[in-house]
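Residue numbers (numbering that gives the first Met the number 0): 0 to 113. For every residue, glycine included, the Cβ atom is placed at its ideal position computed from N, Cα and C.
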Amino acid sequence: MSGITIKIIGRESDLQHGFDALPGEVRRRASIERVEKCSPVAPGIVSTLTERQRDVLTATADVGYYDVPRRGTADDVADTVGCAASTASDHLRKIETRILSTPLETDLSTYHCK
Numbered sequence: 000m001s002g003i004t005i006k007i008i009g010r011e012s013d014l015q016h017g018f019d020a021l022p023g024e025v026r027r028r029a030s031i032e033r034v035e036k037c038s039p040v041a042p043g044i045v046s047t048l049t050e051r052q053r054d055v056l057t058a059t060a061d062v063g064y065y066d067v068p069r070r071g072t073a074d075d076v077a078d079t080v081g082c083a084a085s086t087a088s089d090h091l092r093k094i095e096t097r098i099l100s101t102p103l104e105t106d107l108s109t110y111h112c113k
């Protein structure tokens with residue numbers, strides 16, 4: 000029996016919730032073949048960030064800082080990386096400035112997956 004392959008990018012818990020919401024017949028016939036860790040920005044841009052900035056950027060995804068609607072705050076990012084909220088805010092501004100000022104050599108619609 001032939002089927003289709005669908006690549007879905009998102010937070011694992013959200014994807015699991017979506018899969019669980021599918022009708023039972025669909026869930027019985029479907030399988031998840033692979034789960035990968037993905038970064039929401041092009042790999043060339045990430046390489047321009049410091050290690051600490053990459054940690055902060057990862058924390059933003061973990062807490063939902065850039066989700067719509069926003070689920071996390073700069074305080075949540077700070078708690079995740081172990082710094083003051085003002086320091087996290089400084090890191091976020093520097094990350095955003097660096098990303099927005101970096102020439103886009105890679106299509107940002109393509110996530111970098113490891």
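Check	Outcome
Per-residue DSSP class, three states only, for ARG97	helix
Residue of ALA60, LEU91 and ALA73 minimising C-alpha distance to GLN52	LEU91
CB contact flag (ARG97, THR47, <8 Å)	yes
Buried or exposed (CB count within 10 angstroms, at least 16 for buried), ASP19	exposed
Nearest to SER100 (by Cα), restricted to the options VAL45, GLU35 and ARG26	VAL45
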